[in-house]
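Take the sequence shown: its letters are residues 455 to 1175, numbered as in the numbering used here.
The block underneath contains the structure these notes are about, expressed in structure tokens.
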Amino acid sequence: MATMHHLLRRIAGFTILIVVVALLISISPLVAQNAPREYLAGASSGLYRISVNQESGTAVPLWEGGSVASIIPAEEGWYFLGSEGLVFSPDLSEFENRSSSLPHKTVLVLNNGAFELRQEIETIKSLAVDPARKGKLVLCTNSSVWYSEDGGRQWKDIGSPSSIPGTKAVGFGPWQGSQAHAVWISHSIKGVFVKDPLAEQEWISVSAGLPKAAGANGEEVSGFTLLRSKGAWTLYAALSFLGRLYEWNPDSKSFIEQWSDGKDFGSVESLGAAGDNGLLALVGKTPMRFYPNPSSNSIAAPVIDGEFSDILIETGGLLEAYSGEKPSCIALIPNSETAPGNPQAIPVSLGELWSFYGGMPRLSAETAGLSDTARTRLKEAQAATERRNRADKKDGLYLQTGFVANKSSREKYFALIKEKGLNSLVIDMKDDYGRLRFDPQSSVLREMGVVGDRLDIEEFAAQAKQNSLYLIARIVVFKDESLYKANNNRLAVRDAGTKAPWRGTRKDGQLMGEYWVDPYSTDVWRYNVEIAQEVLRRGFDEVQFDYIRFPTDGENLDLARYPAQKPGISPDSALESFLRYARQSIDAPISVDIYGANGWYRSGTRTGQDVEMLARYADVVCPMFYPSHFEQNFMAQAPAELRPYRIYKIGSLRNQALARGQMLIRPYVQAFYLDVSYDRSYYGPRYVELEIQGLREGADQGMTFWNNSGRYTDLPIIVRP
455 MATMHHLLRR
465 IAGFTILIVV
475 VALLISISPL
485 VAQNAPREYL
495 AGASSGLYRI
505 SVNQESGTAV
515 PLWEGGSVAS
525 IIPAEEGWYF
535 LGSEGLVFSP
545 DLSEFENRSS
555 SLPHKTVLVL
565 NNGAFELRQE
575 IETIKSLAVD
585 PARKGKLVLC
595 TNSSVWYSED
605 GGRQWKDIGS
615 PSSIPGTKAV
625 GFGPWQGSQA
635 HAVWISHSIK
645 GVFVKDPLAE
655 QEWISVSAGL
665 PKAAGANGEE
675 VSGFTLLRSK
685 GAWTLYAALS
695 FLGRLYEWNP
705 DSKSFIEQWS
715 DGKDFGSVES
725 LGAAGDNGLL
735 ALVGKTPMRF
745 YPNPSSNSIA
755 APVIDGEFSD
765 ILIETGGLLE
775 AYSGEKPSCI
785 ALIPNSETAP
795 GNPQAIPVSL
805 GELWSFYGGM
815 PRLSAETAGL
825 SDTARTRLKE
835 AQAATERRNR
845 ADKKDGLYLQ
855 TGFVANKSSR
865 EKYFALIKEK
875 GLNSLVIDMK
885 DDYGRLRFDP
895 QSSVLREMGV
905 VGDRLDIEEF
915 AAQAKQNSLY
925 LIARIVVFKD
935 ESLYKANNNR
945 LAVRDAGTKA
955 PWRGTRKDGQ
965 LMGEYWVDPY
975 STDVWRYNVE
985 IAQEVLRRGF
995 DEVQFDYIRF
1005 PTDGENLDLA
1015 RYPAQKPGIS
1025 PDSALESFLR
1035 YARQSIDAPI
1045 SVDIYGANGW
1055 YRSGTRTGQD
1065 VEMLARYADV
1075 VCPMFYPSHF
1085 EQNFMAQAPA
1095 ELRPYRIYKI
1105 GSLRNQALAR
1115 GQMLIRPYVQ
1125 AFYLDVSYDR
1135 SYYGPRYVEL
1145 EIQGLREGAD
1155 QGMTFWNNSG
1165 RYTDLPIIVR
1175 P
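The following block contains the structure:
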């Protein structure tokens, strides 16, 4: 039943909106007195039917073949997106996978001690159903767009508007007066495009009227939907990182803003039609409805849907009681008057519920009614929650190992950490040159590794624990000079021309200072995981992987070749395979360092550091939002002094949304001066304070200060409530 808080909120909402109560009741299937009380709920353990009456409720599993992230109702039945790709059901009793002709990825998976190649469906980011034409579908993966005219039995690749990965959402909508709807797509960096799926034409850019993100890129569109009014279809679009709603104007060929929350960060997710009369979306954490204003060509002020909030609370509680988890998506199962098959009454559906339920899964131990497969998935999710709870709210310093290997400076830094109110410490256990910074016990590490100046790891860990410090071992993975040179360069990246070990070159022909080992090599994977396992066993609490990427620099980058690459394995799937292996092998929090831009945009361009992929395996992501490393005019609007605050606040919130709340966001904070124009004008203690303030008002899940020289005099005292 609804809590007193939600009842009071609902009463207040209805009091304010008393003039439109009759309208809402007449057009909303969720608030009508004879509303159906059955819902579909998707979760990591499968698909459920939730039945609710005045006195009790039940949750019954309908399909346990995989996770369900989105529910898309259609005239012909129901479509579901999740771990198994696209699944269709005409009646919620029979289920058919319709992903066989869609793109698959090849991954290397550890099975019984050996790595084997496996084909898996590419993650489907978005699916749209054309409400005007039965069976017409469009979907997108991270880098491709596919169209079907027969409900997904057969698919046609219609290309992508960009060679850069980062597609977010697809939809159908009118274009140039045609009665047949065209395909619309949102790209996280390149903007919005439209294309007739049956015509031999290029994608057409249609981002006019949409706001720009900091810099030249457009703000990401989170989704599209169509609303029918007076016999015509109108296309609407919402934004992922700003609370704004837009309508496409075919006359001006631009988007017209219809509503804004006026804030510097927000979101309008899971935008969909609520019958023929309005739109439903999750605005931040709140279900809201938007209705066309009958007296103008605009959207009226949104209405908080307290009824839907109460439904989410009630159905979420019922599913949690049965399966131990909250729903990821929910849809109304309509009665006979609003069932699939009646194009005038498409059921209501809402996804992206991680925001409503608070991000991290809250799982109970009551899983007795589940299948073995579903129970295994839930246990994995429970373990992930426990790991993230251990890693949460960790504020600390990065130190090169030498600062703590030296016992006198170690005491100085322990005192500094205590003085500044910090509780964690990141140090290198394998550094930027590939040197192990401890005396290894493992025979594999002794054989393959090169040891630099050594830390007395057990004694140090014991002293750190006496100072109540959480210890994080930084491990630089694929940039590794020591491993590159070992065994006659056996694991090095190779040069396609000379067949010799590859090194990046500058424009003047000089060699760069980086040495890269083959990211496809399972020997490299095993070596780095062995390091992680040993340092955890000897006193560390968390491992932090850096340089989980391919080389990105060098005039001769196109000559880099990877001997261990297996047929069908791509750079993205290689990184995913390594992280999956690491997750299988490490029973402790894993954090991953990424570039700041990869935490800002939904794209792993250049590096393969795709936050949505990382969130499936890592517990913490550490974006380097250093203001000095962005373009100097990035987020530098007046007052320019506040630029560090803006970057860390907005960046951490964007990163949290990209990860759907499934990873902690613990950015690296710039505590160093770089000789660039902005730092020359503004760097100092106030600069660092503004970064911290931004994080406090942003994700606020932890931070690590970075100064490679160990100079931390610019830090204020950190006070965490």
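Every residue, glycine too, gets a C-beta built ideally from N, C-alpha and C.
Taking C-beta atoms under 8 angstroms as the contact rule, Arg891 and Asp1000 fail to qualify, at a distance of about 14 angstroms. In this structure Ser543 touches Trp532 by the C-beta definition: roughly 5 angstroms separates them, less than 8 angstroms. Assignment of beta-bridge partners to His1083 by DSSP yields no partner. Note on Thr830: under 16 other CB atoms within 10 angstroms of its CB, so exposed under the neighbour-count rule.
Note: Ser640 is bridge-paired with Ala623, Val646 in the DSSP secondary-structure output. Rounded to whole angstroms, the Cβ separation of Ser510 and Glu492 is 13 angstroms, and the two are not in contact under 8 angstroms. According to the DSSP secondary-structure assignment, Ile1119 is paired through a beta bridge with Val1075.
The three-state reading of DSSP puts Tyr776 in helix, counting H, G and I together. For Ile1104, the enclosing alpha helix (DSSP H) begins and ends at 1097-1112.
The continuous beta strand (DSSP E) containing Ile525 extends over residues 522-528. Under the rule that a run must span 3 or more residues, the beta strand (DSSP E) segments found entirely inside the segment 1039-1067 read 1044-1049. Classified as buried, Gly1062 has 16 or more neighbouring CB atoms from the shown chains inside 10 Å of its CB.
Here Thr1158 is bridged, per DSSP, to Gly850, Tyr1122.
The beta-carbon distance between Ala1113 and Ala1069, rounded to whole angstroms, is 4 angstroms. This is short enough to meet the 8 angstroms contact definition. In terms of Cα proximity to Asp764, the closest of Pro746, Gly720, Gly738, Tyr811 is Tyr811. C-alpha of Asn551 to C-alpha of Pro527: approximately 16 angstroms in a straight line. Membership of Val983 in any beta strand (DSSP E) is not indicated; the residue belongs instead to the alpha helix (DSSP H) covering 976-991. Around Asn671, the same chain offers Ile643 as residues with beta carbons nearer than 6 angstroms, after the five sequence neighbours per side are excluded.
Under the three-state reduction of DSSP output, Gln1147 falls in the helix class. For Thr839, the uninterrupted alpha helix (DSSP H) segment begins and ends at 826-845. In chain order, Gly500, Tyr502 place their CB closer than 6 angstroms to the CB of Pro515, counting only its own chain and leaving out the 5 sequence neighbours on each side. Counting only runs that start and end inside the segment 528-573, the beta strand (DSSP E) elements of at least 3 residues fall at 531-536, 539-543, 558-565.
Residue range 500-506 is occupied by the beta strand (DSSP E) that includes Tyr502. By the CB criterion at 8 angstroms, Leu736 and Glu779 fall outside the cutoff. For Leu725, the enclosing beta strand (DSSP E) begins and ends at 722-727.
Leu540 places its beta carbon 8 angstroms or farther from that of Gly625. At least 8 angstroms separates the beta-carbon of Gly1053 from that of Asn1087.
Residue range 733-737 is occupied by the beta strand (DSSP E) that includes Val737. Taking a C-beta distance under 8 angstroms as the contact criterion, Ala523 and Ser803 do not qualify as a contact pair. The alpha-carbon separation between Val905 and Arg1174 amounts to approximately 38 angstroms. If you ignore the 5 residues before and after Tyr1137, its C-beta comes within less than 6 angstroms of the C-beta of Tyr1127, all in its own chain and listed in chain order. Counting only the Cα atoms, Glu529 lies some 9 angstroms from Val583.
Annotated as proximal: Ala662 and Lys707, with beta-carbon spacing under 8 angstroms.
Within the segment 920-951, the beta strand (DSSP E) runs of at least 3 residues that lie entirely inside it are, in chain order, 924-930.
Spanning the alpha carbons of Leu909 and Lys884 requires a straight line of approximately 11 angstroms.
Pairwise C-beta distances place the segment 1029-1045 out of contact with the segment 583-598, as fewer than three of them are shorter than 8 angstroms.
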